[in-house]
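Written below as structure tokens is the structure these notes are about.
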Amino acid sequence: MKTCSRVIAAFLILAGGTLGFARQAKTDPYAAQLKKLEHAYSQDLRRFYKPVNDAKTDEERAKAEKGLDFKNAPFKVYLPQFEELAHKAGDRPSACNAYNMMFQCARQLHDGKGQTAAMDAWIKKFKDSPMFADFVYYLDPDQWPDNEAGLRHLAGWRAMLAKSKSPEVLAAIAFHAAETTYADGQGDTIKAKTLYQKVVSDYPNTIYATQAKSQVYEFEHLSIGMPAPDFTASDQDGVTFKLSDYRGKVVLLDFWGFW
Numbered sequence: 337m338k339t340c341s342r343v344i345a346a347f348l349i350l351a352g353g354t355l356g357f358a359r360q361a362k363t364d365p366y367a368a369q370l371k372k373l374e375h376a377y378s379q380d381l382r383r384f385y386k387p388v389n390d391a392k393t394d395e396e397r398a399k400a401e402k403g404l405d406f407k408n409a410p411f412k413v414y415l416p417q418f419e420e421l422a423h424k425a426g427d428r429p430s431a432c433n434a435y436n437m438m439f440q441c442a443r444q445l446h447d448g449k450g451q452t453a454a455m456d457a458w459i460k461k462f463k464d465s466p467m468f469a470d471f472v473y474y475l476d477p478d479q480w481p482d483n484e485a486g487l488r489h490l491a492g493w494r495a496m497l498a499k500s501k502s503p504e505v506l507a508a509i510a511f512h513a514a515e516t517t518y519a520d521g522q523g524d525t526i527k528a529k530t531l532y533q534k535v536v537s538d539y540p541n542t543i544y545a546t547q548a549k550s551q552v553y554e555f556e557h558l559s560i561g562m563p564a565p566d567f568t569a570s571d572q573d574g575v576t577f578k579l580s581d582y583r584g585k586v587v588l589l590d591f592w593g594f595w
């Protein structure tokens, strides 16, 4: 189970490693270096897990997992390289993303001290930067499995971020609190709605306010048992119709398109 979780988390690293890269300024001299390092890391990670991913049966997979050489795993080899880049890049966007990769690599290694050290340095350097808004969800306890040292730091880190000078960071914290409360519809919906509304009122000029507005609209207009919002559209023959024209009848709506 531990190895399987590593495989899953490894692909999360590939998906999240370059988070926010598009925001990096052209003047960041370390952006290209980071992108190259991340690419090399992702390629080595794919090769590392290839025997497991290519396994056809549970027996083959178990055998492949036992054969993995974690002493020379990519996350162990690349962690110091990401750390070096983070220190060199200072307060540039590439440094923020390099800290993300340090954090992820340390987590793969089950290195609690390394994970805690990466987060501590990361927050101290970027707590006032909108770049950190993408990463506030890392302060959830479930991001720190089997890491008691990290869990003890969470309250302190949250207190530091609560004093951030960045509206984006503060909005991200508030939005994530609402998301956690909502819990995909399994949590406290009434309280969650209030929290989403607070994001909209307190941080109106952030992307999180836009997302919160969408969620509030869903609460107020798209919940189960509510009448569907009326709209006008054209059918396949070009005839205009309104949804309300079919009130009292069973209606199947099939939305599709090409992107």
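Okay, so the sequence shown: first residue is 337 according to this note's numbering, each after it adds one. Even glycine gets a Cβ: it sits at the ideal position worked out from N, Cα and C. Keep in mind it's a predicted model, so treat the numbers as computed, not measured.
| said: Would Leu445 and Lys412 be called neighbours here (beta carbons separated by less than 8 Å)? | reply: yes
- Looking only at its own chain, which residues have a Cβ that is under 8 Å from the Cβ of Phe577, when we skip the five neighbours before and after it? Thr568, Ala569, Ser570, Asp571
- [ ] Using 10 angstroms around the beta-carbon of Asn436, count the other beta-carbons present and answer buried if the total reaches 16, otherwise exposed.
- [x] buried
Can you tell me where the beta strand (DSSP E) holding Phe594 begins and where it ends? Here Phe594 belongs to no beta strand (DSSP E), and DSSP marks it neither H nor E.
Checklist line | Identity of the residues DSSP links to Ser570 by a beta bridge | finding: Thr576
Checklist line | Identity of the residue in Ala454, Ala545, Val535, Gln547 nearest Gln440 by Cα | finding: Ala454
**Message:** For a test of the three-state rule: what should DSSP assign to Tyr518, helix, strand or coil?
**Reply:** helix
| request: Return helix, strand or coil for Tyr532, following the three-state DSSP convention. | output: helix
Review point. Are at least three pairs of beta-carbons, each pair with one atom in the stretch 491-499 and one in the stretch 465-476, less than 8 Å apart?
Key: yes
Could you tell me the alpha carbon to alpha carbon distance between Pro416 and Glu484, rounded to whole angstroms? 23 Å
Q: With Ser502 as the anchor, note down where its alpha helix (DSSP H) starts and where it stops.
A: Careful: Ser502 lies outside any alpha helix (DSSP H) and carries neither H nor E.
Margin query: Can you confirm whether the stretch 417-432 touches the stretch 391-403 when touching is taken to mean that 3 or more C-beta pairs between the two stretches lie within less than 8 Å?
Written below: no
**Asked** For Met562, is the classification buried or exposed, using 16 other Cβ atoms within 10 angstroms of its Cβ as the cut-off for buried?
**Response** exposed
- Taking just the CA atoms, how far does Ala367 sit from Thr525? 41 Å
**Asked** Nearest-angstrom Cα distance between Phe406 and Gly521?
**Response** 39 Å
For Pro365 and Ala425, I'd like the C-alpha separation in whole angstroms. 8 Å
inquiry  = When you compare the stretch 537-549 with the stretch 577-590, are there three or more beta-carbon pairs, one atom per stretch, that lie closer than 8 Å?
reply    = no
Cβ-Cβ separation, Thr542 to Ala507 (assumed contact under 8 Å), whole Å:
4 Å
Discussion item. Which same chain residues end up closer than 7 Å to Leu370 when comparing Cβ atoms and leaving out the 5 residues on each side of it in sequence?
Written reply: Leu421, Ser430, Asn433, Ala434
**Q.** Cβ-based neighbour list, Ala409, same chain, cut-off 8 Å, excluding 5 preceding and 5 following
**A.** Phe384, Gln444, Leu445
### Message
Which residue wins for smallest C-alpha separation from Ala513, given the options Lys527, Ser500, Pro503, Glu556?
### Response
Lys527
Return yes when the Cβ of Pro466 is within less than 8 Å of the Cβ of Ser502, no when it is not. yes
Where does His446 fall in DSSP's three states? coil
Contact check, Ser500 vs Asp538 under 8 Å by CB: the rounded distance? Incorrect: roughly 13 Å between the Cβ atoms, too far for contact.
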